[in-house]
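A.B. asks: Numbering of the sequence shown is given in the numbering used here, commencing with residue 60 and proceeding in unit increments.
Glycine included, C-beta positions come from ideal geometry on N, C-alpha and C.
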Amino acid sequence: MKPLAGFALTALALLAAAPLAAQTVSPALKAALADPGRPAKDSARDAVRHPGEMLALANIKPGDKVGDFMMGAGYWTRILAKTVGDKGHVYAYQAAEFIGYRPAYADEQKAAVTGYTNVTPLAMKLGEVAFPEKLDAIVTVQNFHDLYLPFGGGPDFAVVVTKRLYDALKPGGIFLVADHVAVNDPDNKAPATLHRIEPAKARAEIEKAGFVFVTQSDIIRDKADPHTANVFSPAIQGKTDQFVMVFRKP
């Protein structure tokens, strides 16, 4: 991807915006978080990940059809499944490229969807991602930077994939993105080296795919993060500075 001048300076400016008012967590979302069927290791992460406040930004509600894009081990999949309820549906997507690199991703996907009749697992290449029906929302957490890894999709691969997500949403559909913050990265090397991305870079690419920026939140900011370490480094893992942005399909 060609360097985009000025993003290093504006990345922190994006995050310095006035914080949002406290988000109202819906009864359905509160019930999902309190679900006794959630793994204990998931619930233990809630205090740091703030899932209630984050998903409240997307206004996900019972009956919604939602995509969990690059689902990881299913932390968000399980919460979404209980939030949308029996009349809703969750599509838990994992990239075939990831599964090829680490087969355990397939096992984690299977474990995450087991016992949920309203969750469908999906696995296909990133450049082919699609969903069986139009969605009300798509959520991706700590993964947008992965679209810049060397998958061989060309310099505009992130925009191409994001456009496929745009096409998967209903008009008015919501795209919620959270990821680890990079700073001073004009050559966009941080996604591959540190697993981070500059917020301004992410926003520009998402808007290029057609989305309209709605709002952002500092709910998972961590000002103690020096932004220089790989997010998997033991000293920083679980304590990174992260942005949250919400976009809408017109």
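1) In this structure, how does DSSP classify A268 when only helix, strand and coil are distinguished?
2) Indicate the three-state DSSP secondary structure (helix, strand or coil) for H239 in the structure shown.
3) Between A103, P110, Q168, which has its C-alpha nearest L88's C-alpha?
4) Quickly, what does DSSP pair I256 with across the bridge? List them, please.
5) Roughly how many whole angstroms lie between the Cα atoms of D136 and M130?
6) Identify, in the order they occur along the chain, each residue of the same chain with its Cβ nearer than 8 Å to the Cβ of A115, setting aside the five sequence neighbours on each side.
7) Less than 8 Å between the CB atoms is what I'm expecting for F210 and L181, so what's the real figure, rounded?
8) Please report the straight-line C-alpha distance between E257 and T173, rounded to a whole angstrom.
9) On a CA-only basis, which of T287, I279, V236, D277 is nearest D244? Give me that one, please.
10) For Y152 versus D127, is the C-beta spacing smaller than 8 Å?
11) For K31 and K229, what's the separation of their Cα atoms in angstroms?
12) Assign Q168 to buried or exposed, taking buried as 16 or more other Cβ atoms, counted over all protein chains shown, within 10 Å of its Cβ.
13) If we count Cβ pairs, one from each stretch, closer than 8 Å, do we get three or more for the region 211-222 versus the region 264-275?
14) Could you check the C-alpha separation between K120 and E156 for me, to the nearest Å?
15) For T179, which beta-bridge partners are listed by DSSP?
16) Between the alpha carbons of D205 and F216, how many angstroms are there, rounded?
17) With a cut-off of 8 Å on the beta carbons, I'd call V218 and E264 a contact; round off their distance for me.
18) On a Cα-Cα basis, can you pick out the residue from A163, V125, V143 that is closest to A90?
19) Between the alpha carbons of Y150 and T252, how many angstroms are there, rounded?
20) For the beta strand (DSSP E) that D105 lies in, which residues bound it at each end?
C.D. replies: Reading it off the structure:
1) The residue given as residue 268 occupies position 209 in the sequence shown. Reduced to three states, the DSSP call for A268 is coil.
2) Working through the sequence shown from its first residue, we reach residue 239 at position 180. H239 falls in the strand class under three-state DSSP.
3) Looking up residue 88 in the sequence shown gives position 29. It is P110.
4) Numbered from 1 along the sequence shown, position 197 holds the residue referred to as residue 256. Looking at the DSSP assignment, I256 forms a beta bridge with V240.
5) In the sequence shown, residue 136 corresponds to position 77, counting from 1. In the sequence shown, residue 130 corresponds to position 71, counting from 1. Note on identity: in this sequence residue 136 is Thr, with Asp being the wrong assignment. Their backbone Cα atoms lie some 7 Å apart in a straight line.
6) For the purposes of this step, residue 115 is identified with residue 56 of the sequence shown, where counting begins at 1. Around A115: Q82, T83, V84, S85, L88.
7) The sequence position of residue 210 within the sequence shown is 151, counting from 1. The sequence position of residue 181 within the sequence shown is 122, counting from 1. Actually they do not touch by this definition, with Cβ atoms about 17 Å apart.
8) Position 198 of the sequence shown holds residue 257. Position 114 of the sequence shown holds residue 173. Distance between the alpha carbons of E257 and T173: 35 Å.
9) For the purposes of this step, residue 244 is taken as residue 185 along the sequence shown, with counting starting at 1. Of the candidates T287, I279, V236, D277, the one whose C-alpha sits nearest the C-alpha of D244 is T287.
10) Here residue 152 refers to the residue found at position 93 when the sequence shown is read from its first residue. Here residue 127 refers to the residue found at position 68 when the sequence shown is read from its first residue. It is a contact, given that the beta carbons lie within the stated cut-off.
11) In the structure displayed, the chain extends from 60 to 309; residue 31 sits before or after that span and is not available.
12) One-based indexing of the sequence shown puts residue 168 at position 109. The residue in question, Q168, is buried, as its Cβ has 16 or more Cβ neighbours within 10 Å.
13) yes
14) Taking the sequence shown and counting its residues from 1, one reaches residue 120 at position 61. Taking the sequence shown and counting its residues from 1, one reaches residue 156 at position 97. Approximately 31 Å between the Cα atoms of the pair.
15) As a position in the sequence shown, residue 179 is number 120, starting the count at 1. Y150.
16) In the sequence shown, counting from the first residue as 1, residue 205 sits at position 146. In the sequence shown, counting from the first residue as 1, residue 216 sits at position 157. Roughly 11 Å separates the two Cα atoms.
17) Indexing the sequence shown from 1 puts residue 218 at position 159. Indexing the sequence shown from 1 puts residue 264 at position 205. That pair is a contact at about 5 Å.
18) Translated into positions along the sequence shown, residue 90 becomes position 31. Measuring from the Cα of A90, the nearest candidate turns out to be V143.
19) Within the sequence shown, residue 150 is the residue found at index 91, counting from 1. Within the sequence shown, residue 252 is the residue found at index 193, counting from 1. One C-alpha to the other measures close to 30 Å.
20) Against the sequence shown, residue 105 aligns to sequence position 46. D105 -> not in any beta strand (DSSP E); alpha helix (DSSP H) instead, spanning 105-108.
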